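Step one of this worksheet: look at the structure below.
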Amino acid sequence: MQQKYLFGRGWSVFVPILLLLPGFILYLMIALGPSIATSVYSFTDATGIRGAPVNWVGLENYEEFLLRGVASRDNIDALKRTLIFCFFVTTIQFTVGLFVALLLNQRIRGRMFFRTLFFVPVILGVAIQGLIWKLFLLPSGGPVAQFLSLFGVQSEFLGGQPSEAFAWVIVVQIWANMGITMVIFLAGLQTIPNELYEAGRIDGAGRWDLFRHVTWPMLTPSVNTNIVLNIIGSLQAWQLFLVLIGYRPGTQVLGYLVFAQGFGQTSGAVTSAFRQGFAAAASIVLFFLVLIIGLAAQYFVNRREQKLYV
Amino acid sequence: MKKTRWIVITMLVVLSLVLVACGGTEETTEPAVEPTVAETTEEQAEEVAETGEEPVAEEAPAEDAAPLTLRVLIHQNPPMVEFMEAFNDKFEAAYPNVTVDMSIVETGDLATVTQTRLSANDVDVIDIFGFSNAAQPYMKDVTPPNWQTLIEAGLLLDITDQTFVANYDEATIRDAGSYNDKVYSINLGRVSYSGVFVNKDLFAANGVEIPTTWDELVAACQTFTDAGLSCMTVGGADGWPVFVGSYGLLGAMYPDQEAMVEGLWTGTLKWDDPETLKLWERYQTYTTQMLEAGVTGLSHDAGPARFAAGDVAMMPSGVWQAPALEAAEPEFDWSYIPFPGSDNPEDNQYLFGKYDQGWAVAANSPNQAAALDYLAMFSEPDNYQEFVNAVGFIPTQPTATLETKLGAEVAPYLENYRVGFEQFWVAPKGAGQWANGSQGASWFQPFNEWDDAAALAAQSQADLQAGLDASQ
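In order, the protein sequences belong to chains A and B.
Under my numbering, the first residue of the first sequence is numbered 1, with each subsequent residue one higher.
Under my numbering, the first residue of the second sequence is numbered 311, with each subsequent residue one higher.
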């Protein structure tokens, strides 16, 4: 049988390559190139200032980040905090997103309105998200403070204990991104044929049985997508920390540490040095963390998907 | 086949456009159009007639000078922004071929934006803080400050020979704008951040004298608290105002702040010495007993309005908040005093601070001549005096005076003005997050987790010592 060529024969077979070339060049410039440059920078004392000398320092940045003095203790703490943040954001955002999607997939009045309402935070910028919650969580006179005061509870929210401020950033991160999780689940729910539910009901299945034996397995692609997106998104998150609590001891995550070191934001002084070589080393550590956890998650969700469809 | 050929041609055109768009434009290397003397204004003519002296930099360009845009970068400070907008109009009127394009960024973003725009040759005049935190001979293995790297990278113009530099006092030029005997920046003013704004009416109404020692301050706060009032407020939501508010306490106990930094580096002073422990205990008293409840949610910018509301007795903060305080409540009667942090009244006579905003010119600027004209015109005594009055800086031109209420308040202490700890401090690599004890006040509850002064002092010293040991 003669093979069909979508773009013709002869030199026309290069058309797909040409079509892919602009995208590849763009990817090379804004993703792959900087990533490779970052890994090279991590072995230098680069400041990011054009014209400033860049010296090769070998593994010194990694040694300083992971081993030197007690700064390494703070860095490892930031790493642990990143994992804690990732765990809570991923699990809660996933669960709440699924629950809301299931609710809004019902034939209820105003469901389009509620879908929009839950998705709106996603389209707001981080600065706006932060401002809204800063006002919402004002310790004196803010709505949450007033509500809690009804029960005799007082809190400093974002400006108080590091653990409490950290917990509030988890809440805001979930609020800000739950809409995406919900939309992915909604899209998955709408691909499930109604006949499966009807057949289940005829067989006497209750609501829980229908969810467990029809919805959940059929949602597998959405579940997998959300798990991977939530894990990677939360491991890389740092902007909300900047906007909501700033660089305070006991609250930094790895992504924020990279930014603060790279752009002289660690001490609050305006003359701090830019340590972009050191920040590059920290970001490579973060990269490996994302890679290991991301690949592990990908492996498990792929295996689950294969089990279901084979 | 024809269709495929068209697709290929179209793709090639698109690809070419993408590549062209991504390529950098050739840098303009031609020298800037230098404004030339065209005519003397009537006002200048009168000035010459009166004084017999030529004006310093009131040169206007020729009518046919090519138009150019002067890109100026400043940080957010409302009174300064307002002044600069008016000054830009004045400059544009004097130099009709120049349009000033002024960008304003948040203070915390200034260093990043400066570095980015200097590297991209996208700025002509930059706002740069006084040169500080330089590596000292006793410091080992520390990263040079950002300003030093900018100079060494050749990004700041050497302005040593510019005539307007002489308008500023020698100490300012030497300490805040020079490196390796060359001048790179003119600094526009000192600020004090160690004082306390005092609500005079509230003190009088409660029969409290202005405190001159730590014990008097504690007693005053107790009186206000007993009367149902708040003793102090700061913009706690931004974090830094909490420890900046305690810089006066640090300074009162250690008036020689440069020696303090050296002592900590060389080991002759420790954060957990018995004497220093008193500092930590006072930090804790300041955060837990003196600051009003709810300051963790109050932003720095909202501080003056909160203080001017009239039911808080004191606000430890920098002099830069004076214009905002006056704007918030013009009739409000306040005073600015050194933080009475020491038991000895003599040690409570110092104001500590830093060199604030300065101007520098991008070395690669295609508009260097216009940029220098901009600085020259700004540095003219009359313009500088207006600037000082608007912003509230302690002047760095010897002929200028701070003719505001704040000026009168700080005048008695100007002889005792000193540069503060944070301008000298550089943390050794490997030191932990608690090593900079000057920020200690903000680590106590409710701002952070600590509630034991001795334990925190020991932790601070341990974090510093680990860095010192690592740098050996």
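Using N, Cα and C, we set each Cβ at its ideal position, and we do this for glycine too.
Keep in mind it's a predicted model, so treat the numbers as computed, not measured.
Under 9 Å, do residue i and residue j count as touching if we go by C-beta distance?
{"i": "N456(B)", "j": "A481(B)", "result": "no"}
{"i": "L254(A)", "j": "L79(A)", "result": "yes"}
{"i": "N497(B)", "j": "T706(B)", "result": "yes"}
{"i": "T251(A)", "j": "F263(A)", "result": "no"}
{"i": "V410(B)", "j": "V382(B)", "result": "yes"}
{"i": "K273(B)", "j": "T453(B)", "result": "Summary: the structure shown does not reach residue 273(B), with chain B confined to residues 311 through 782, and so no result is reported for it."}
{"i": "L189(A)", "j": "R201(A)", "result": "no"}
{"i": "G577(B)", "j": "V506(B)", "result": "no"}
{"i": "V285(A)", "j": "F43(A)", "result": "no"}
{"i": "S502(B)", "j": "L712(B)", "result": "no"}
{"i": "Q265(A)", "j": "A282(A)", "result": "no"}
{"i": "E696(B)", "j": "F439(B)", "result": "no"}
{"i": "S222(A)", "j": "F185(A)", "result": "yes"}
{"i": "V54(A)", "j": "A776(B)", "result": "no"}
So, with DSSP's three-state summary, where would you put residue i?
{"i": "K664(B)", "result": "strand"}
{"i": "A772(B)", "result": "helix"}
{"i": "S689(B)", "result": "helix"}
{"i": "D657(B)", "result": "helix"}
{"i": "T522(B)", "result": "coil"}
{"i": "S39(A)", "result": "helix"}
{"i": "W216(A)", "result": "helix"}
{"i": "F754(B)", "result": "strand"}
{"i": "L20(A)", "result": "helix"}
{"i": "M449(B)", "result": "coil"}
{"i": "S429(B)", "result": "helix"}
{"i": "W735(B)", "result": "coil"}
{"i": "L766(B)", "result": "helix"}
{"i": "W168(A)", "result": "helix"}
{"i": "L150(A)", "result": "coil"}
{"i": "L467(B)", "result": "coil"}
{"i": "L601(B)", "result": "strand"}
{"i": "W744(B)", "result": "coil"}
{"i": "T44(A)", "result": "strand"}
{"i": "W550(B)", "result": "helix"}
{"i": "W56(A)", "result": "strand"}
Judging by CA-CA distance, which residue of the options is the nearest neighbour of residue i?
{"i": "P406(B)", "options": "L428(B), P565(B), A680(B) and A772(B)", "result": "A680(B)"}
{"i": "F300(A)", "options": "V171(A), V228(A), F94(A) and L189(A)", "result": "V228(A)"}
{"i": "P676(B)", "options": "V435(B), M570(B), L574(B) and Y727(B)", "result": "V435(B)"}
{"i": "A375(B)", "options": "A396(B), I384(B) and A404(B)", "result": "A404(B)"}
{"i": "D485(B)", "options": "F441(B), V452(B), L380(B) and V475(B)", "result": "F441(B)"}
{"i": "S611(B)", "options": "A768(B), S781(B) and S627(B)", "result": "According to the sequence shown, residue 611(B) is Asp rather than Ser. Checking every option, the nearest Cα to that of D611(B) belongs to S627(B)."}
{"i": "L219(A)", "options": "F14(A), R115(A) and L98(A)", "result": "L98(A)"}
{"i": "Q239(A)", "options": "F185(A), G159(A), G130(A) and I180(A)", "result": "G130(A)"}
{"i": "V552(B)", "options": "G160(A), M112(A), N55(A) and L291(A)", "result": "G160(A)"}
{"i": "D666(B)", "options": "G499(B), T426(B) and L512(B)", "result": "G499(B)"}
{"i": "A619(B)", "options": "V408(B), V508(B) and E568(B)", "result": "V508(B)"}
{"i": "G487(B)", "options": "T533(B), E636(B), D536(B) and D437(B)", "result": "D437(B)"}
{"i": "P655(B)", "options": "M600(B), M563(B) and V408(B)", "result": "M563(B)"}
{"i": "S748(B)", "options": "S652(B), S556(B) and K580(B)", "result": "S556(B)"}
{"i": "N75(A)", "options": "N431(B), G742(B) and W590(B)", "result": "G742(B)"}
{"i": "L158(A)", "options": "G294(A), F274(A) and L138(A)", "result": "L138(A)"}
{"i": "Q782(B)", "options": "Y448(B), K510(B), F649(B) and L635(B)", "result": "Y448(B)"}
{"i": "N674(B)", "options": "L466(B), T379(B), Q472(B) and N387(B)", "result": "L466(B)"}
{"i": "G613(B)", "options": "L587(B), G549(B) and T535(B)", "result": "G549(B)"}
{"i": "N658(B)", "options": "E402(B), L601(B) and S504(B)", "result": "S504(B)"}
Which residue or residues does DSSP assign as beta-bridge partners of residue i?
{"i": "D437(B)", "result": "W669(B)"}
{"i": "R500(B)", "result": "Y665(B) and I704(B)"}
{"i": "Y646(B)", "result": "F507(B)"}
{"i": "D411(B)", "result": "R381(B)"}
{"i": "V729(B)", "result": "G663(B)"}
{"i": "Y792(B)", "result": "Residue 792(B) lies beyond the residue range present for chain B, which begins at 311 and ends at 782; the question has no answer from this structure."}
{"i": "S301(B)", "result": "Not covered by the structure: residue 301(B). The range shown for chain B is 311 to 782."}
{"i": "W760(B)", "result": "F754(B)"}
Does the pairing of the stretch 721-739 of chain B with the stretch 19-36 of chain A give three or more beta-carbon distances under 8 Å?
In the pairwise beta carbon analysis, the stretch 721-739 of chain B is classified as not touching the stretch 19-36 of chain A: fewer than three pairs are separated by under 8 Å.
Meets three-Cβ-pair contact criterion under 8 Å: the stretch 600-616 of chain B and the stretch 537-553 of chain B
Output reads yes: the stretch 537-553 of chain B touches the stretch 600-616 of chain B.
Evaluate contact between the stretch 517-533 of chain B and the stretch 572-580 of chain B, counting only Cβ atoms and requiring at least three cross-stretch pairs below 8 Å.
In this structure the stretch 517-533 of chain B does not touch the stretch 572-580 of chain B; the number of beta carbon pairs closer than 8 Å is below three.
Are at least three pairs of beta-carbons, each pair with one atom in the stretch 170-178 of chain A and one in the stretch 85-98 of chain A, less than 8 Å apart?
Yes: at least three Cβ pairs fall under 8 Å.
Pairing CB atoms from the stretch 454-473 of chain B with CB atoms from the stretch 41-50 of chain A, are three or more of them under 8 Å?
A contact between stretches requires three or more CB pairs, one per stretch, nearer than 8 Å, and the stretch 454-473 of chain B meets this requirement with the stretch 41-50 of chain A.
Counting pairs of Cβ atoms below 8 Å between the stretch 758-778 of chain B and the stretch 586-594 of chain B, do you hit three or more?
The stretch 758-778 of chain B, when compared against the stretch 586-594 of chain B, does touch it at the 8 Å Cβ threshold.
Any chance the stretch 466-478 of chain B sits against the stretch 681-694 of chain B, with 3 or more Cβ pairs inside 8 Å?
Touching, yes.
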